[in-house]
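These protein sequences, in sequence, are chains A and B.
Heads up: the first sequence at position 63 corresponds to 62 in numbering that gives the first Met the number 0, and the numbers run straight through without jumps.
Heads up: the second sequence at position 287 corresponds to 286 in numbering that gives the first Met the number 0, and the numbers run straight through without jumps.
All C-beta atoms in this analysis are idealised placements derived from N, C-alpha and C, irrespective of residue type, glycine included.
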Amino acid sequence: MLQVNALGDACPIPVVKTKNAIKELNGSGQVCVLVDNEIAVQNLTKMANQKGYGVKSEKLEDRKYQVLLTVGAAAEESEAVEVPELCIPDSRKNKVVVISSDKMGSGDDVLGALLMKGFIFALTQQDELPKTILLYNGGAKLTCEDSPALEDFKSLEAQGVEILTCGTCLNHYGLTEKLQVGSVTNMYVITEKMLQASAVIRP
Amino acid sequence: MSEQEKIVFCKGGCTAKLGAGILSHILEKLPKGPADPALLVGYDSKDDAAVYKVADDLAVVQTLDFFPPMVDDPYIFGQIAAANALSDIYAMGGEVRTALNIVCFPEAMDLNILGEIMRGGADKVMEAGGTLAGGHSIADSDVKYGLSVMGLIDPRRIYTNNSGQPGDKLILTKKLGVGIICTANRVGEASAEAMAEAIASMTKLNKYAAEILRKYTVHACTDVTGFSFLGHLHEMMDGRLSCLVQSGQVPVIEAALAYADEFLLTAAAQRNRNHTEKFVQFENIPFAMEEVLFDPQTSGGLLAAVAPECAEAALQELRQAGMPAAIVGEIVEQREKEIYVL
Numbered sequence: 000m001l002q003v004n005a006l007g008d009a010c011p012i013p014v015v016k017t018k019n020a021i022k023e024l025n026g027s028g029q030v031c032v033l034v035d036n037e038i039a040v041q042n043l044t045k046m047a048n049q050k051g052y053g054v055k056s057e058k059l060e061d062r063k064y065q066v067l068l069t070v071g072a073a074a075e076e077s078e079a080v081e082v083p084e085l086c087i088p089d090s091r092k093n094k095v096v097v098i099s100s101d102k103m104g105s106g107d108d109v110l111g112a113l114l115m116k117g118f119i120f121a122l123t124q125q126d127e128l129p130k131t132i133l134l135y136n137g138g139a140k141l142t143c144e145d146s147p148a149l150e151d152f153k154s155l156e157a158q159g160v161e162i163l164t165c166g167t168c169l170n171h172y173g174l175t176e177k178l179q180v181g182s183v184t185n186m187y188v189i190t191e192k193m194l195q196a197s198a199v200i201r202p
Numbered sequence: 000m001s002e003q004e005k006i007v008f009c010k011g012g013c014t015a016k017l018g019a020g021i022l023s024h025i026l027e028k029l030p031k032g033p034a035d036p037a038l039l040v041g042y043d044s045k046d047d048a049a050v051y052k053v054a055d056d057l058a059v060v061q062t063l064d065f066f067p068p069m070v071d072d073p074y075i076f077g078q079i080a081a082a083n084a085l086s087d088i089y090a091m092g093g094e095v096r097t098a099l100n101i102v103c104f105p106e107a108m109d110l111n112i113l114g115e116i117m118r119g120g121a122d123k124v125m126e127a128g129g130t131l132a133g134g135h136s137i138a139d140s141d142v143k144y145g146l147s148v149m150g151l152i153d154p155r156r157i158y159t160n161n162s163g164q165p166g167d168k169l170i171l172t173k174k175l176g177v178g179i180i181c182t183a184n185r186v187g188e189a190s191a192e193a194m195a196e197a198i199a200s201m202t203k204l205n206k207y208a209a210e211i212l213r214k215y216t217v218h219a220c221t222d223v224t225g226f227s228f229l230g231h232l233h234e235m236m237d238g239r240l241s242c243l244v245q246s247g248q249v250p251v252i253e254a255a256l257a258y259a260d261e262f263l264l265t266a267a268a269q270r271n272r273n274h275t276e277k278f279v280q281f282e283n284i285p286f287a288m289e290e291v292l293f294d295p296q297t298s299g300g301l302l303a304a305v306a307p308e309c310a311e312a313a314l315q316e317l318r319q320a321g322m323p324a325a326i327v328g329e330i331v332e333q334r335e336k337e338i339y340v341l
């Protein structure tokens, strides 16, 4: 695996350095890129998606993000590997955000929906991100078509946050085909994630 | 030009603009004070400049703009920065009267470079028919230059950017893609021809387009700058209109598409995408064209909503004056999405 250090580099330098590293791979292999801002992560992800490379990214610490690109035959192999090899140990704390309704707080539902949208946007702006977001019951609507928070969830996912929506709940609301971000999960995983969390945050 | 006379440039032009998302958070929280009825356009609207009425038929237009270099020739940088700052006056429908220099310059750097930058600015202010009346300079670690500009306008003839009407044709007066080309140039991947075309576009005053548009019924106008074509179009839709953009009609500097396919993309373009994407529906648009539509423009063209009955005539006159103008779309009644790119 090739390492690219693009900390302190403004766009498009991280992409240019990464493209040069990918050339050295001669068609197959992995490149691990370090950058210091989320926009660079998004630009690298955009390139990977256009080129059909595998891409995983996560925030390691404040002003340090890691993007792992997998090129060629290695792209299929890496799909099988549950946890990609990290260039640097993951220093992020294991915080889990649980969203069980599409509204925040009780009282007025219109206000509640606005507050929830605001909460998810505010999450995208935090220096320390949660590791996982679990969505169940009414919360499951937020990761589906027509949700006002889709872009923010996509931004969180691009920053490496795992987004899991309860499959039973999607089914119940007839939203199974409408999930737009993250993946489907079940009660075992939901329970496990909550038990293993260093903190569970409920808006 | 010797190596010594080049300016160090790194993150220049409107690509250096703060994202619209971050900014609106802060602006919303600023204390406003009592409303002054003479302030016709302020930052409550997302317009390009402030307009203050001093008599029934006279208002002052006030604006400022400055940024770090995006080209290495100081004289050209001065011209571009000035053309970009002056453009806000033209986007409101005003005439330039006075300008003040805004300068940040490292103390240790050759002052002849600053002289060249300011000569470029002064030439453009003169071309605009205005007077350079002073300025302010600060010692700073990086070069930045721009102008504060004052213009005059008839308050009954202000072009705001959000007063378009369904049926209006959208006319764009310059090609898109200068942000991507300057970015490619920064990493040594832009061709001399592409860079020359971008520079010619960025140094061109919007004065000439504004003078022609003034003869026709223009309902709304803005200049396309850092927030990109789609970003400024989004402001023009104002949450109450939609529009259909014919991507094949949008004038683009060809090379920009090739550089976008090489992913020579700015951070600012991605910020524009993050902020504006949710209002836009792309119908089978190639990746490179999407990027050009989100590309931050330095000293970009005017984007005008022109009454349908005179749009074709206005376009012909702009073309005859040598501008690469085009009718790029039309405004329609509000639909589900704000902007449809076809």
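Asked, Found
"Exposed or buried, which one is B:M149 when buried takes at least 16 other CB atoms within 10 Å?", "buried"
"Would B:Q269 and A:N185 be called neighbours here (beta carbons separated by less than 7 Å)?", "no"
"Check the Cβ of B:V186 against every Cβ in chain A and list those closer than 8 Å, keeping chain order.", "P11, I12, V15"
"Name the two residues that bound the continuous beta strand (DSSP E) containing B:K149.", "Per the sequence shown, residue 149 of chain B should be read as Met rather than Lys. Per DSSP, B:M149 belongs to the beta strand (DSSP E) from 143 to 152."
"By Cβ distance below 8 Å, which residues in the same chain neighbour B:L243 in space, the five residues on each side in sequence not counted?", "G328, E329, V331, Y339, L341"
"Any chance the segment 48 to 56 of chain B sits against the segment 168 to 182 of chain B, with 3 or more Cβ pairs inside 8 Å?", "no"
"Starting from A:L33 and walking both ways along the beta strand (DSSP E), at which residues does that stretch end?", "28 to 34"
"Does any CB atom of chain A fall closer than 7 Å to the CB of B:F281?", "no"
"Are the C-beta of B:Q3 and some C-beta of chain A separated by less than 7 Å?", "Caution applies to B:Q3, whose pLDDT of 45 falls short of 50 and renders its modelled position unreliable; the model cannot decide the point."
"Buried or exposed for B:H135, going by 16 or more other Cβ atoms inside 10 Å?", "exposed"
"Please check if any C-beta of chain A sits within less than 7 Å of the C-beta of B:F226.", "no"
"Would you mind giving the Cβ-Cβ distance between B:Y89 and B:L229, rounded to the nearest angstrom? I have them listed as a contact below 8 Å.", "No, B:Y89 and B:L229 are not in contact; Cβ-Cβ is about 21 Å, not under 8 Å."
"Which of the three DSSP states, helix, strand or coil, is assigned to A:Y64?", "strand"
"Between B:Q245 and the rest of its own chain, which residues show a CB-CB distance below 7 Å, the 5 nearest in sequence each way excluded?", "V327, G328, L341"
"Just to confirm my understanding: we take B:E27, look at its own chain, exclude 5 residues before and 5 after, and list those with CB closer than 7 Å. What are they?", "none"
"Between A:I38 and chain B, is any beta-carbon pair separated by less than 7 Å?", "yes"
"With H, G and I counted as helix, E and B as strand and the rest as coil, what does DSSP make of B:G134?", "strand"
"Closest to B:H233 by CA distance: which of B:K143, B:R156, B:H274 is it?", "B:H274"
"Does A:E60 have its Cβ less than 7 Å from a Cβ in chain B?", "no"
"Identify, in the order they occur along the chain, each residue of the same chain with its Cβ nearer than 6 Å to the Cβ of B:N160, setting aside the five sequence neighbours on each side.", "D46, A219, T221, E234, M235"
"Distance check for B:K143 and B:V102, CA to CA, integer angstroms please.", "6 Å"
"Taking contact to mean 3 or more Cβ pairs, one atom from each stretch, closer than 8 Å, check whether the segment 25 to 40 of chain B and the segment 108 to 125 of chain B are in contact.", "no"
"Taking C-beta pairs closer than 8 Å, name the residues in chain A that B:T265 reaches, listed in chain order.", "C10, P11"
"Would you report the Cα separation of A:D151 and A:A121, rounded to the nearest angstrom?", "9 Å"
"Give the straight-line distance between the Cα atoms of A:G111 and B:P30, rounded to the nearest whole angstrom.", "27 Å"
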